[in-house]
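Trainee: I have a structure here, written as structure tokens, and I will follow up with some questions on it.
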Amino acid sequence: MPHIPALHDAYQAQARIKPLIWQTPVIASPVLAEKTGAAQIHLKLECLQKTGSFKVRGAANKILSLSGEERKKGVITFSTGNHGKAVAYVAGQAGLKSVVCLSEHVAAYRVAMIKALGAEVSLKGHSQDEAEKNYQLLMASRGLVPVVPFDDPKIIAGQGTIALEILSKLPDTDVLVIQLSGGGLLAGMAMVAKSINPRIHVVGLSLEQSPAMLESLKAGRPVQVPEKDSLADSLLGGIGFDNQYTLPMVEKFADEHLLISENEIKDGMFHIFDKHRLIVEGGAAVGIAALLNQKINVKGKKVVALLSGSTINADEYIRIIQGRLPRGAKQ
Numbered sequence: 001m002p003h004i005p006a007l008h009d010a011y012q013a014q015a016r017i018k019p020l021i022w023q024t025p026v027i028a029s030p031v032l033a034e035k036t037g038a039a040q041i042h043l044k045l046e047c048l049q050k051t052g053s054f055k056v057r058g059a060a061n062k063i064l065s066l067s068g069e070e071r072k073k074g075v076i077t078f079s080t081g082n083h084g085k086a087v088a089y090v091a092g093q094a095g096l097k098s099v100v101c102l103s104e105h106v107a108a109y110r111v112a113m114i115k116a117l118g119a120e121v122s123l124k125g126h127s128q129d130e131a132e133k134n135y136q137l138l139m140a141s142r143g144l145v146p147v148v149p150f151d152d153p154k155i156i157a158g159q160g161t162i163a164l165e166i167l168s169k170l171p172d173t174d175v176l177v178i179q180l181s182g183g184g185l186l187a188g189m190a191m192v193a194k195s196i197n198p199r200i201h202v203v204g205l206s207l208e209q210s211p212a213m214l215e216s217l218k219a220g221r222p223v224q225v226p227e228k229d230s231l232a233d234s235l236l237g238g239i240g241f242d243n244q245y246t247l248p249m250v251e252k253f254a255d256e257h258l259l260i261s262e263n264e265i266k267d268g269m270f271h272i273f274d275k276h277r278l279i280v281e282g283g284a285a286v287g288i289a290a291l292l293n294q295k296i297n298v299k300g301k302k303v304v305a306l307l308s309g310s311t312i313n314a315d316e317y318i319r320i321i322q323g324r325l326p327r328g329a330k331q
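My numbering puts the first residue of the sequence shown at 1, with every later residue one more than the last.
Structure follows, in structure tokens:
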């Protein structure tokens, strides 16, 4: 029976990773609260986290838990970008060698960021699933220690520390709005939130372009879905056919699931900049997108949405924002 992460694992992770992360701010969004009828809406700014996303939490918890023998071997992972950056950063801080396997669809600037942090990058395949196959081959042939992106108790517990921070500041939170891809983030945050207050309503947000977890939940087993290009490329990818942790945990802890469209993601990114002067990647904007489009009933509720990351380059960001300018405005 696999060890399913519990609240005490998140508290242990919080102490373990403290030297390598920032406790990110939580800010109010009165405009969103007024628009939706919520009592309060707050935004948890993991877009300001070290390496540019929440992923450093799970990566730090996993790598700092390795034995001396495991550290000597070095670590390997596969990623759509943010987890790779996190592993490269933490491995560098801990003095370990690291290898990051990416698909050829990962944006060049993300590849460059990972290399700049000292990791060896292996580019192969046209999807996250194909990058994972490359990772498995290299892991076996080179004897490297795996640091998977989501389906690992240490990764899940590390991501759960976000909910510990939120609830320490906002203990009367009613609703958590959380990104859902491989499920490590939602599994960790929801497990912590429900352990502290079972009445908290957890909403998982998947991409219309790649709802792998949602389709797996419907099927009752991991399934593969076609992977299409998305503004929220950090949320692309499958959940792994040998998934042990995130699928059952998401099934247990998530109360509601929604699909977010590409146009809604654009709306969310534009709103965050327009009202809060924050630049975020597409995946970070899905919670704002759901609230803006009133997909969640939050009337009278106290809500926290996660802004999960800011890994986007200037050209891409400008192109997306220009696409949201009012008709007739100069491009």
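Cβ coordinates follow ideal geometry from the N, Cα and C atoms, glycine included. Only a predicted model underlies this, so the values are computations on that prediction, with no experimental measurement involved.
1) So within the region 64 to 114, which uninterrupted beta strand (DSSP E) runs reach at least 3 residues, ignoring any that extend past its ends?
2) Any contact of the region 191 to 209 with the region 170 to 178, i.e. 3+ C-beta pairs under 8 Å?
3) With distance defined between alpha-carbon atoms, name the residue in N243, Y135, M113, L102 nearest to L123.
4) Using only CA atoms, which one of A290, V250, I41, E251 lies nearest to M269?
5) So G188 is in the alpha helix (DSSP H); what residue range does that whole segment cover?
6) How big is the Cα-Cα spacing for I21 and Q179?
7) Whole angstroms is fine: what's the gap from A329's alpha carbon to I318's?
8) Any idea if N297 is buried or exposed, counting beta-carbon neighbours within 10 angstroms, 16 or more meaning buried?
9) When the Cα of A13 is compared with those of A131, A163, F273, which residue comes out closest?
10) Out of S230, G74, G237, state which residue places its alpha-carbon closest to the alpha-carbon of P222.
11) Could you work out which residue in S195, L231, Q244, D267 is closest to S216 when comparing CA atoms only?
12) May I have the straight-line CA-CA distance separating A314 from R277, to the nearest angstrom?
13) Could you check if Q322 is buried or exposed, using at least 16 other CB atoms within 10 Å of its CB as the buried criterion?
14) Could you have a look at I231 and say whether DSSP puts it in helix, strand or coil?
15) For the structure I just gave you, are there three or more beta carbon pairs, one from the region 108 to 125 and one from the region 244 to 257, closer than 8 Å?
16) If you follow the alpha helix (DSSP H) that Q40 is in, where does it begin and where does it stop?
17) List the residues that DSSP assigns as beta-bridge partners of E256.
18) Can you check which of these residues, E264, L170, V192, D152, is closest to L205 by C-alpha distance?
19) Pull up the CB-CB distance for I114 and L231, whole angstroms please, since I reckon it's below 8 Å.
20) DSSP beta-bridge partners for V148?
21) Starting from K218, trace the alpha helix (DSSP H) both ways and give me its first and last residue.
22) Using only CA atoms, which one of L117, A60, V100 lies nearest to S79?
23) Tell me whether K339 sits in a helix, a strand or coil according to DSSP, three-state version.
24) Which first and last residues belong to the alpha helix (DSSP H) in which S168 is found?
Mentor: Taking the coordinates as given:
1) Those beta strand (DSSP E) runs which fall completely within the region 64 to 114 and span 3+ residues are 75 to 79, 98 to 102.
2) These segments touch.
3) On the sequence shown, position 123 is the one that residue 123 refers to. With distances taken between Cα atoms, L123 lies closest to L102.
4) As a position in the sequence shown, residue 269 is number 269, starting the count at 1. If we check each option's Cα against that of M269, A290 comes out closest.
5) Against the sequence shown, residue 188 aligns to sequence position 188. Per DSSP, G188 belongs to the alpha helix (DSSP H) from 184 to 196.
6) In the sequence shown, the residue the question calls residue 21 occupies position 21. In the sequence shown, the residue the question calls residue 179 occupies position 179. Roughly 20 Å between the two C-alpha positions.
7) Taking the first residue of the sequence shown as position 1, residue 329 is located at position 329. Taking the first residue of the sequence shown as position 1, residue 318 is located at position 318. Note that A329 scores 41 on pLDDT, short of 50, meaning its location in the model is unreliable and no value can be drawn from it.
8) In the sequence shown, the residue the question calls residue 297 occupies position 297. Note on N297: under 16 other CB atoms within 10 angstroms of its CB, so exposed under the neighbour-count rule.
9) For this step, residue 13 is matched to residue 13 along the sequence shown. Of the candidates A131, A163, F273, the one whose C-alpha sits nearest the C-alpha of A13 is A163.
10) Taking the sequence shown and counting its residues from 1, the one referred to as residue 222 is at position 222. Of the candidates S230, G74, G237, the one whose C-alpha sits nearest the C-alpha of P222 is G237.
11) As a first step, residue 216 is located in the sequence shown; it is residue number 216 there, counting from the start. A check of alpha carbon separations from S216 across S195, L231, Q244, D267 identifies Q244 as the nearest.
12) Position 314 of the sequence shown, counted from the start, is the residue given in the question as residue 314. Position 277 of the sequence shown, counted from the start, is the residue given in the question as residue 277. Going from the Cα of A314 to the Cα of R277 covers about 15 Å.
13) Residue 322 sits at position 322 when you count from the first residue of the sequence shown. Flag for Q322 reads exposed.
14) Looking up residue 231 in the sequence shown gives position 231. The sequence given here places Leu at residue 231; Ile does not occur at that position. When secondary structure is reduced to three states using DSSP, L231 falls in the coil class, being assigned neither helix nor strand.
15) No contact exists between the region 108 to 125 and the region 244 to 257.
16) Against the sequence shown, residue 40 aligns to sequence position 40. Q40 -> not in any alpha helix (DSSP H); beta strand (DSSP E) instead, spanning 40 to 45.
17) Position 256 of the sequence shown, counted from the first residue, corresponds to residue 256. In DSSP, E256 forms a bridge with V203.
18) Taking the first residue of the sequence shown as 1, we reach residue 205 at position 205. Looking at the Cα atoms, E264 is the closest of the given residues.
19) The residue given as residue 114 occupies position 114 in the sequence shown. The residue given as residue 231 occupies position 231 in the sequence shown. About 21 Å separates the beta carbons of I114 and L231, which is beyond the 8 Å limit, so they are not a contact pair.
20) In the sequence shown, counting from the first residue as 1, residue 148 sits at position 148. DSSP lists no partner for V148.
21) By one-based count along the sequence shown, residue 218 stands at place 218. Counting along the chain, the unbroken alpha helix (DSSP H) around K218 starts and ends at 212 to 219.
22) Translated into the one-based positions of the sequence shown, residue 79 becomes position 79. Taking only the C-alpha atoms, the option nearest S79 is V100.
23) Residue 339 is absent from the model: the chain starts at 1 and stops at 331.
24) Position 168 of the sequence shown, counting from 1, holds the residue named residue 168. 153 to 169 is the extent of the alpha helix (DSSP H) around S168.
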